[in-house]
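Each residue of the sequence shown is one higher than the one before, starting from 24 at the first, in our numbering.
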Amino acid sequence: MVRKRVVVSGLVQGVFYRDTCRQVADEYGVAGWVRNLAGGDVEAVFEGETDAVETLVRWARQGPPSADVRGVDVREEEPEGLTGFEVRHTLRGGSS
24 MVRKRVVVSG LVQGVFYRDT CRQVADEYGV AGWVRNLAGG DVEAVFEGET
74 DAVETLVRWA RQGPPSADVR GVDVREEEPE GLTGFEVRHT LRGGSS
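This is how it looks when you write it as structure tokens:
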């Protein structure tokens with residue numbers, strides 16, 4: 024079990040990035056969440072088997088067809104035992 028937090032920059036809001044991310048996570052059995060950040064980026068947490076999480080990280084570098092991903096910051100974190108994958112509300116101001 025591994026956990027990765029990614030912050031994706033570029034044209035990634037308003038292009039179905041979050042919903043497509045949820046669909047891909049469900050397809051690969053990855054738990055976690057995704058949300059828009061106030062500055063225009065998207066943040067996601069992927070938790071699960073190593074290969075599945077790496078698949079999601081690779082997907083995050085491209086996103087859905089209408090996205091224009093310009094950067095992806097990836098950090099490893101301690102798994103929390105999450106189940107399911109959710110689209111969270113946009114984080115307004117401050118940080119996580």
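Positions of the beta carbon are idealized from the N, C-alpha and C atoms, including for glycine. These figures come from a predicted structure and were not determined experimentally.
By the three-class DSSP mapping on this structure, what secondary structure does residue i have?
| i | result |
| --- | --- |
| residue 91 | strand |
| residue 105 | coil |
| residue 67 | strand |
| residue 41 | helix |
| residue 61 | coil |
Taking the alpha helix (DSSP H) that residue i belongs to, which residues open and close that run?
| i | result |
| --- | --- |
| residue 83 | 73 to 83 |
Residue i bridges to which residues according to DSSP?
| i | result |
| --- | --- |
| residue 54 | 70 |
| residue 33 | 92 |
| residue 110 | 57 |
Go through its chain and collect everything with a Cβ distance to residue i's Cβ below 7 Å, but skip five positions before and after it.
| i | result |
| --- | --- |
| residue 63 | 36 |
Validate contact between the stretch 86 to 100 and the stretch 27 to 42 using beta carbons, cut 8 Å, 3 pairs: Judged by pairs of C-beta atoms under 8 Å, the stretch 86 to 100 touches the stretch 27 to 42, as three or more such pairs exist.
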